[in-house]
Every structure is written in C-alpha cells, then in structure tokens.
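Student: Top line first, the protein sequences correspond to chains R and F.
Heads up: the first sequence is residues 11 to 432, going by the working numbering.
Heads up: the second sequence is residues 7 to 257, going by the working numbering.
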Amino acid sequence: MNMHTQPQRTPAETALIDAFGDRLSLLPGDGAVMLKRDDAIETIKHGLPTRRVESWHYTDLRRLLNTVPDFDPAAMAKAIAPIVDGSTVASILNGKSDAKVPAPEGVSFQRLSEKLIDGSAAAGLDPYGSDDAIGALNTAFVADGYFVDIADGVELEKPVELQNLQAGGQTHVRLAVRVGAGAKAVIVERQTGDGAALGSSVSQLVLGEGAEVTWLIVQEQPETATHLAQFKAHIGKNAKLTLFVMNAGGRLVRQEIMVRTTGEGADFKLRGINLLAGDTHTDVTMVLDHAVPHTTSTEVIRNVVTGKARGVFQGRINVHQYAQKTNAKMACNTLLLSDDGEFSTKPELEIFADDVICGHGATVTEIDHNHLFYLMARGVDEKSARGLLVKAFVAEVIEELDDEAIVEALEARLDDWFAAHG
Amino acid sequence: MLEIKNLHARIVDDGTEIIRGLNLTVKAGEVAAIMGPNGSGKSTLSYILAGREDYEVTEGDILYNGQSILEMDPAERATSGIFLAFQYPMEIPGVATMEFLKVAMNEQRKARGEEPLKIPEFLKRVKEAAASLSMDMAMLKRPLNVGFSGGEKKRAEILQMKLLEPKLCVLDETDSGLDIDALKIVSDGVNALRAPDRAFLVITHYQRLLEHIVPDTVHVLYKGQVIKSGDKSLALDLEANGYAGVIGEAA
Numbered sequence: 011m012n013m014h015t016q017p018q019r020t021p022a023e024t025a026l027i028d029a030f031g032d033r034l035s036l037l038p039g040d041g042a043v044m045l046k047r048d049d050a051i052e053t054i055k056h057g058l059p060t061r062r063v064e065s066w067h068y069t070d071l072r073r074l075l076n077t078v079p080d081f082d083p084a085a086m087a088k089a090i091a092p093i094v095d096g097s098t099v100a101s102i103l104n105g106k107s108d109a110k111v112p113a114p115e116g117v118s119f120q121r122l123s124e125k126l127i128d129g130s131a132a133a134g135l136d137p138y139g140s141d142d143a144i145g146a147l148n149t150a151f152v153a154d155g156y157f158v159d160i161a162d163g164v165e166l167e168k169p170v171e172l173q174n175l176q177a178g179g180q181t182h183v184r185l186a187v188r189v190g191a192g193a194k195a196v197i198v199e200r201q202t203g204d205g206a207a208l209g210s211s212v213s214q215l216v217l218g219e220g221a222e223v224t225w226l227i228v229q230e231q232p233e234t235a236t237h238l239a240q241f242k243a244h245i246g247k248n249a250k251l252t253l254f255v256m257n258a259g260g261r262l263v264r265q266e267i268m269v270r271t272t273g274e275g276a277d278f279k280l281r282g283i284n285l286l287a288g289d290t291h292t293d294v295t296m297v298l299d300h301a302v303p304h305t306t307s308t309e310v311i312r313n314v315v316t317g318k319a320r321g322v323f324q325g326r327i328n329v330h331q332y333a334q335k336t337n338a339k340m341a342c343n344t345l346l347l348s349d350d351g352e353f354s355t356k357p358e359l360e361i362f363a364d365d366v367i368c369g370h371g372a373t374v375t376e377i378d379h380n381h382l383f384y385l386m387a388r389g390v391d392e393k394s395a396r397g398l399l400v401k402a403f404v405a406e407v408i409e410e411l412d413d414e415a416i417v418e419a420l421e422a423r424l425d426d427w428f429a430a431h432g
Numbered sequence: 007m008l009e010i011k012n013l014h015a016r017i018v019d020d021g022t023e024i025i026r027g028l029n030l031t032v033k034a035g036e037v038a039a040i041m042g043p044n045g046s047g048k049s050t051l052s053y054i055l056a057g058r059e060d061y062e063v064t065e066g067d068i069l070y071n072g073q074s075i076l077e078m079d080p081a082e083r084a085t086s087g088i089f090l091a092f093q094y095p096m097e098i099p100g101v102a103t104m105e106f107l108k109v110a111m112n113e114q115r116k117a118r119g120e121e122p123l124k125i126p127e128f129l130k131r132v133k134e135a136a137a138s139l140s141m142d143m144a145m146l147k148r149p150l151n152v153g154f155s156g157g158e159k160k161r162a163e164i165l166q167m168k169l170l171e172p173k174l175c176v177l178d179e180t181d182s183g184l185d186i187d188a189l190k191i192v193s194d195g196v197n198a199l200r201a202p203d204r205a206f207l208v209i210t211h212y213q214r215l216l217e218h219i220v221p222d223t224v225h226v227l228y229k230g231q232v233i234k235s236g237d238k239s240l241a242l243d244l245e246a247n248g249y250a251g252v253i254g255e256a257a
C-alpha cells in the first residue's frame with residue numbers, strides 16, 4: 011500500500027484502528043490467524059488507498075470512506091427468500107453464520123469461525139498484492155462465514171444461495187467454496203440488508219478438474235451502505251466458471267474479481283451489470299491471469315447510469331509468458347442516461363506470450379433512436395419504450411446465461427430495480 | 007380516412023426536401039398502392055405518416071379521420087389506429103417478443119378504454135395469428151426480430167398488424183426480400199384484414215405484390231409528388247412500360 015506517510019489519519023482510518031483494538035479479544039483465530047490480523051491492521055495503519063495508488067485511481071477510498079459505523083451487536087438481520095425457489099440457503103445474519111445448514115447430499119457446510127479457530131483458514135487470509143485494502147480490512151476483522159465443500163462428481167440440481175445480510179454496524183465475512191472434480195453447481199452470493207453498514211466480504215472459489223460452476227453475485231445494498239467485496243477463484247483443468255455480477259445498490263461499492271486459470275482448457279466468463287442510481291459510487295475491478303496455455307475467457311459488462319451515480323470498470327488481463335493460445339475478449343458498454351452521471355472504463359492487457367488472441371472494447375451510448383421509434387410506432391409511449399430499451403440493454407447479458415430459472419430470477423431482481431428507479 | 011394536402015417535408019439533419027407538394031386521399035375500405043422509382047419519396051412518406059422525428063413537415067397537412075396528426079408523436083398515432091409495417095424491421099436485442107406484443111396490444115386497449123388482456127386470451131390470440139401466418143411459436147420466444155430472416159421479419163410485421171388491429175395500415179415494401187411462398191402467406195394475411203372500415207397504403211416497387219393484394223387505386227410517386235393516379239390497370243401499364251412514360255407525361 012502507500013509507503014509514504016499520510017499527513018494525518020482520516021476519521022474513518024482512526025475508527026477502524028480503534029475498532030480493531032476493541033474487537034481483538036472477540037475475534038476468533040489461532041496464533042497463525044491472529045498474526046495475519048496484526049499484519050492486516052498494520053496495512054490499514056499505513057493509510058487507506060488514495061487515487062495515487064494505480065488500482066484505486068478511480069475510487070479514492072481514503073476520500074470516499076468518510077464514516078465508519080460502530081459494530082452493532084444488537085443489529086437483527088432476517089433471512090430472506092432465495093432468488094430461485096428450492097435453493098439450499100445458508101445465511102449469515104449480521105456477520106454470524108448458522109450452526110446448522112441443511113445440506114443436500116455431497117455438500118458440506120462448515121462455519122468459518124471454526125476454521126479460524128483451528129487455523130485451517132489462515133492460508134486464505136494472505137493479501138493479494140501490495141494494494142489489497144479490502145483483503146486487509148477483511149483479514150483484520152473477519153469473524154465468520156462459511157466453508158462449503160461440494161464433493162467430486164456431485165451435480166447439484168438446485169442452486170446453493172449464500173446470503174450475507176446486514177442490518178447496520180459492521181460485518182466482515184468470508185465464503186470459501188471448493189468444487190470437486192467434475193462437479194456442477196450454481197452458487198448465488200446474495201449481498202443485501204437494510205442498514206447503513208460497512209461490510210467487507212471475501213469469496214474464495216477453487217474449481218477442480220472439469221468442474222462447472224455458475225456463480226451469481228447479487229448485490230442490492232441500500233443506498234446508505236458501504237460494500238467492499240472480493241471474489242477470488244482458481245479454475246482448474248477443463249473447468250468452466252461463469253461469474254455473473256449484478257450491482258444494484260450501495261452508496262460506495264467496490265467489487266474486486268481476481269481469477270486465475272490454473273489448468274489447460276480452463277474457461278472463464280464474466281458477465282456483469284451495474285445499475286447505478288442516486289449519488290453513489292460503484293467500482294468493479296477485475297484482474298484475470300491466464301497462467302497456463304490453452305485457456306479462454308470473455309468479459310461483458312453492461313452499465314446503466316442514472317442520477318449522479320459514478321461507475322468504474324477496470325479490467326486487467328495478464329497473459330503469462332507460457333500461456334500460449336490464450337483467447338480473451340473483453341467488452342464494457344455503458345448506457346448513460348443522465349448528464350450528471352459518469353462511468354470510467356480502464357481495460358488493460360498485459361501479454362507476455364506471442365501466440366494469443368486478446369481484444370477489448372468499450373462504448374458509451376444513449377438509447378438508440380431507431381429502436382425507440384420502432385417501439386413507439388407500435389403504440390408504446392415514450393417513457394415505457396425507453397424503459398423497455400434500458401432493460402433490454404442489460405437483460406441481453408442475463409438471457410445469455412441460458413438457464414430458465416436463473417434468467418427468470420435475475421430478471422425479477424432487474425424489474426425490482428426498475429420499479430424503484432424507473 | 008386519410009387526406010394528405012399539399013405536403014412538403016424535409017430531412018431535419020440536412021434540410022433536403024423529399025416530399026414536394028404531395029396530395030393523396032384514401033377512403034375507408036380502400037387499398038391504395040403507391041408506386042414509384044427509387045428515391046421518389048415512398049419510404050419517406052411512410053415514415054412521415056408514422057411520425058418519425060428525422061423528417062419535418064414544412065407545409066401542408068395530413069388529416070386522419072378529419073384530424074391533423076402532425077402534432078402527434080409516433081405512439082399517439084399508433085394508438086389512434088395508424089400502423090406502419092417497416093421495410094426493414096429493427097432487431098431489438100433484449101426485448102422479448104412476447105412481452106413486447108403484450109405491451110403493444112394493451113396500449114391499444116388502453117387507448118380504447120378497455121381492460122388489459124388476460125394472459126390466456128393474449129396467448130390464444132398470438133397463437134392463432136402466428137398459425138395463420140405459418141409462424142413457429144418458438145420464433146416468438148426470441149428477442150424482437152433478432153436472428154429472424156428477412157422473410158420472418160416481414161411475417162412478424164404482419165403478425166403485429168393482425169394483433170393490433172389498426173385502421174390505417176401502411177405497408178412499406180412488404181414484398182422485398184420475400185420468396186414466392188412467403189409472399190403468398192403475407193398477402194393472404196393482409197387480404198384477410200381487408201375490411202370496410204380499414205384502409206391500406208401499399209408501397210411497392212413492383213407489380214408482383216399487387217397480383218396478390220389487388221389495389222383499388224394506384225398512385226405514382228415521383229420527386230415527392232403524386233404525378234398520376236388510376237386503378238389497378240395503371241400498375242400493369244407501369245410493369246409493361248416502366249416509369250419513363252408516366253414521368254414524361256407529367257413533365
């Protein structure tokens with residue numbers, strides 16, 4: 011992080027450091043875990059990242075994180091219905107996991123607090139590079155979450171929904187999921203609540219050989235909450251991961267995505283929609299490492315910007331020296347519907363192999379007037395026609411998921427957002 | 007039903023005048039064919055009737071059932087009963103065809119003060135209309151016009167026309183891109199809609215379509231004006247002798 015000394019700590023930095031002192035005796039962990047926590051809080055003592063740190067250039071966390079709520083042990087979050095009926099639901103209510111999750115055959119749930127206490131979660135707490143503010147915040151304070159294991163060859167018929175629900179205060183959780191060789195699963199990561207919380211959430215996914223996973227992040231925090239999240243995955247040989255990210259709320263949101271292909275034939279798809287409204291800031295930052303030969307990826311991000319909302323997409327693809335025959339394509343398209351909104355896109359390709367196909371593109375558009383005319387010529391009034399077209403712009407990405415139950419569930423979330431912000 | 011009086015119109019962007027003093031009257035129940043060489047203003051006329059903002063009327067008026075429509079936006083014109091079957095229907099990714107049809111049909115009903123259609127009744131109507139045009143329902147599960155062939159798009163336009171039950175139907179080169187079988191299906195679809203209280207403006211390049219949709223009147227458009235009107239024999243004459251004779255006569 012910042013090696014130079016900050017002139018003065020911000021109230022948020024002071025609050026985090028003080029909170030760590032107060033919480034220390036309550037935080038679970040063996041010696042190894044507690045050492046990582048100490049390192050992490052040292053990182054925060056050096057100061058939150060500013061725009062001078064390259065990866066935080068468009069999201070000046072030090073300036074944007076202006077208040078930090080106290081931990082609130084009395085906050086009561088309630089479990090909610092999953093987005094797909096019949097899902098296996100594991101909830102984290104205000105940072106606390108459930109002792110008993112009814113698991114389908116071949117799936118096991120373990121409370122992360124137990125894995126912190128016995129030290130088996132320690133290795134996962136290491137920071138990602140030198141600017142890992144979210145990782146540091148989470149490592150310092152994480153108290154619970156789930157470890158989920160899906161055994162080799164298990165094909166789940168219904169999604170597993172991991173709910174992280176807040177009702178104010180601070181929550182710092184971690185979701186670690188291992189999907190065994192040849193297993194198939196849909197995993198929903200639900201991030202929502204009704205408080206003005208500060209939350210950090212780190213998800214770690216490991217896909218075994220030939221595993222196929224669709225992971226949906228559905229983030230619908232209220233416009234008072236700060237949500238700092240990471241999703242980290244390793245994709246093994248011939249394994250396929252589709253990550254769908256929907257940001258539809260939050261005052262200050264940063265969703266980091268760090269993915270690495272670790273076996274030949276690995277395939278990664280990132281599909282994201284950012285629905286931005288009000289006076290909010292939402293940042294999706296991806297670092298994808300094509301670390302072995304013959305791996306593929308596509309990334310499509312669609313943004314709708316209204317009000318005074320600001321959005322950021324940073325997409326970095328690193329093709330390692332031996333990762334020949336990599337095929338990677340990235341696109342970021344923004345529909346800018348307000349004069350006061352803004353969206354910043356920064357694609358980066360860093361290629362050390364010579365036999366690869368890599369491309370990226372970014373567009374910012376308004377509503378297509380030909381399309382608008384067509385719909386109006388069928389009697390749809392201008393407001394409704396615009397609504398249909400804006401929804402269509404993002405629905406296109408959802409429909410590509412090709413699973414009727416998921417598409418329906420996500421479109422319902424989309425309708426909710428449009429009903430509230432149309 | 008439709009009365010176009012000394013209409014002048016130009017392209018907003020560059021001011022080019024396309025329609026230059028056009029007069030045309032179409033009565034209820036009438037099928038009027040508009041023919042003319044390329045660049046005569048046929049498609050422009052259809053867009054102006056539908057209310058496309060790229061064109062500006064500088065003189066004259068368009069009366070529909072005695073009322074000027076110039077101040078109405080495309081949606082208001084559509085809900086008052088004007089329908090344009092596009093020459094090149096737009097593909098709109100992400101808009102589900104069925105949802106679009108439901109919204110459009112209910113907008114028509116709303117304008118007439120009727121309740122929205124119940125889902126089973128809506129599905130029944132769409133299925134019947136699709137069957138009559140030999141359209142596969144699977145097509146309608148796709149986003150609007152996306153991946154449709156040229157012929158499928160034209161059928162989809164006629165399907166919409168059937169479902170929306172307009173009073174003034176403007177068909178812009180509906181025959182272009184259709185093979186002979188599709189042309190027959192589309193024409194049958196149009197003929198089935200002919201009614202005493204409904205008028206058609208059939209814009210076409212060729213006599214071919216008019217063998218299937220037999221017009222009551224034929225009007226030749228040239229340089230933004232109707233230069234000759236007649237009955238269906240005029241179309242045959244044009245087919246045999248080309249536009250040169252008619253144009254020469256007018257000049």
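Glycine included, every Cβ here is placed at the ideal spot set by N, Cα and C.
Here the structure is a predicted model, which means the values were calculated and not measured.
Helix, strand or coil for residue 244/R, going by three-state DSSP, please let me know.
Tutor: The answer is strand: DSSP assigns residue 244/R an E or B state.
Student: So residue 211/F is in the alpha helix (DSSP H); what residue range does that whole segment cover?
Tutor: Residue 211/F -> no alpha helix (DSSP H), and no H or E assigned at all.
Student: Contact criterion: CB-CB distance below 8 Å. Does residue 63/F meet it with respect to chain R?
Tutor: No, residue 63/F does not count as interfacial toward chain R.
Student: What are the boundary residues of the alpha helix (DSSP H) that includes residue 285/R?
Tutor: Premise fails: residue 285/R lies in the beta strand (DSSP E), 277-286, not in any alpha helix (DSSP H).
Student: So is residue 220/F buried or exposed if we call it buried at 16+ other beta carbons inside 10 Å?
Tutor: Exposed, by the Cβ-count rule.
Student: Determine the burial state of residue 69/R: buried for a count of at least 16 other Cβ atoms within 10 Å of its Cβ, exposed for fewer.
Tutor: Buried.
Student: Could you spell out where the alpha helix (DSSP H) holding residue 219/F opens and where it closes?
Tutor: Where residue 219/F is concerned, there is no enclosing alpha helix (DSSP H), given that its DSSP letter is neither H nor E.
Student: Look at the alpha carbon of residue 67/R and the alpha carbon of residue 425/R, and state the distance between them as a whole number of angstroms.
Tutor: Distance between the alpha carbons of residue 67/R and residue 425/R: 33 Å.
Student: For the segment 365-389 of chain R, which residues have a CB atom closer than 7 Å to at least one CB atom of chain F, in sequence order?
Tutor: If the cut-off is 7 Å between Cβ atoms, the segment 365-389 of chain R has 380, 381, 383, 384, 386, 387, 388 and 389 near chain F.
Student: Could you give the uninterrupted runs of the alpha helix (DSSP H) lying entirely in the segment 104-146 of chain R, keeping only those of 4 residues or more?
Tutor: 122-127, all fully within the segment 104-146 of chain R.
Student: Within 8 Å (strictly less), CB to CB, does residue 98/F reach chain R?
Tutor: Interface residue, yes.
Student: Residue 406/R versus chain F: which residues are under 7 Å apart at the beta carbon?
Tutor: In chain order: 99 and 100.
Student: Can you confirm whether the segment 140-160 of chain R touches the segment 111-122 of chain R when touching is taken to mean that 3 or more C-beta pairs between the two stretches lie within less than 8 Å?
Tutor: With a cut-off of 8 Å, the segment 140-160 of chain R and the segment 111-122 of chain R count as touching, because enough Cβ pairs lie within range.
Student: Starting from residue 232/F and walking both ways along the beta strand (DSSP E), at which residues does that stretch end?
Tutor: Element bounds for residue 232/F: 231-236.
Student: Taking Cβ positions only, does residue 414/R come closer than 8 Å to chain F?
Tutor: It does not; no Cβ of chain F falls within 8 Å.
Student: What in chain F is Cβ-close to residue 130/R, meaning under 9 Å?
Tutor: Result: empty, since nearest Cβ-Cβ is about 45 Å, beyond 9 Å.
Student: Quick check on the DSSP output: the alpha helix (DSSP H) that includes residue 194/F runs from which residue to which?
Tutor: 186-199 is the span of the alpha helix (DSSP H), which, as asked, contains residue 194/F.
Student: When you compare only the Cα positions, how much space is there between residue 311/R and residue 264/R?
Tutor: Residue 311/R and residue 264/R: Cα-Cα distance of roughly 15 Å.
Student: Where do the N-terminal and C-terminal ends of the alpha helix (DSSP H) with residue 139/F fall, by residue?
Tutor: Run containing residue 139/F: none; DSSP gives neither H nor E here.
Student: So, does the CB of residue 391/R fall closer than 8 Å to a CB anywhere in chain F?
Tutor: It does: the Cβ of residue 391/R has a partner Cβ on chain F nearer than 8 Å.
Student: Between residue 341/R and chain F, is there a C-beta pair that is closer than 8 Å?
Tutor: Taking Cβ atoms only, chain F never reaches closer than 8 Å to residue 341/R, which makes this a no.
Student: List, in chain order, every chain F residue whose beta-carbon is nearer than 9 Å to that of residue 424/R.
Tutor: Neighbours of residue 424/R on chain F: none; closest Cβ ~11 Å, over 9 Å.
Student: Who are residue 357/R's beta bridge partners in DSSP?
Tutor: Paired residue(s): 325/R.
Student: Would DSSP call residue 93/F helix, strand or coil?
Tutor: Coil at residue 93/F, not helix or strand.
Student: Should residue 293/R be labelled buried (16 or more other beta-carbon atoms within 10 Å of its own) or exposed?
Tutor: When all chains shown are included, residue 293/R counts as buried.
Student: Which partner residues does residue 257/R have in the DSSP bridge list?
Tutor: Looking at the DSSP assignment, residue 257/R forms a beta bridge with 229/R and 284/R.
Student: Which of the three DSSP states is assigned to residue 247/F in this structure?
Tutor: Here residue 247/F sits in helix by DSSP.
Student: Counting only C-beta atoms, is residue 398/R closer than 8 Å to chain F at any point?
Tutor: So, interface residue.
Student: I'd like to check one pair, residue 259/R with residue 232/R: are the Cβ atoms closer than 8 Å?
Tutor: Yes, Cβ-Cβ distance for residue 232/R and residue 259/R is below 8 Å.
Student: Under 6 Å Cβ to Cβ from residue 173/F, same chain only, skipping five residues before and after it: list those, please.
Tutor: For residue 173/F, where only same-chain residues beyond five positions count, the Cβ hits under 6 Å are 87 and 204.
Student: Residues of chain F with CB under 9 Å from residue 403/R, in chain order?
Tutor: Those within 9 Å of residue 403/R in chain F are 99 and 100.
Student: For residue 224/F, count neighbouring Cβ atoms within 10 angstroms of its own Cβ and tell me buried if that reaches 16, exposed if not.
Tutor: So residue 224/F ends up on the buried side.
Student: In terms of residue numbering, what span does the beta strand (DSSP E) encompassing residue 266/R cover?
Tutor: Looking at the DSSP string, the run of the beta strand (DSSP E) that includes residue 266/R is 262-271.
Student: Ignore the nearest five residues each way along the sequence and tell me which others in residue 348/R's own chain have a CB closer than 7 Å to its CB.
Tutor: So the qualifying residues of the chain are 315, 316 and 317.
Student: Going by DSSP in three states, residue 92/R sits in which element: helix, strand or coil?
Tutor: Here residue 92/R sits in coil by DSSP.
Student: For residue 346/R, which residues does DSSP report across the bridge?
Tutor: DSSP, once it has assigned bridges, lists 315/R as partnering residue 346/R.
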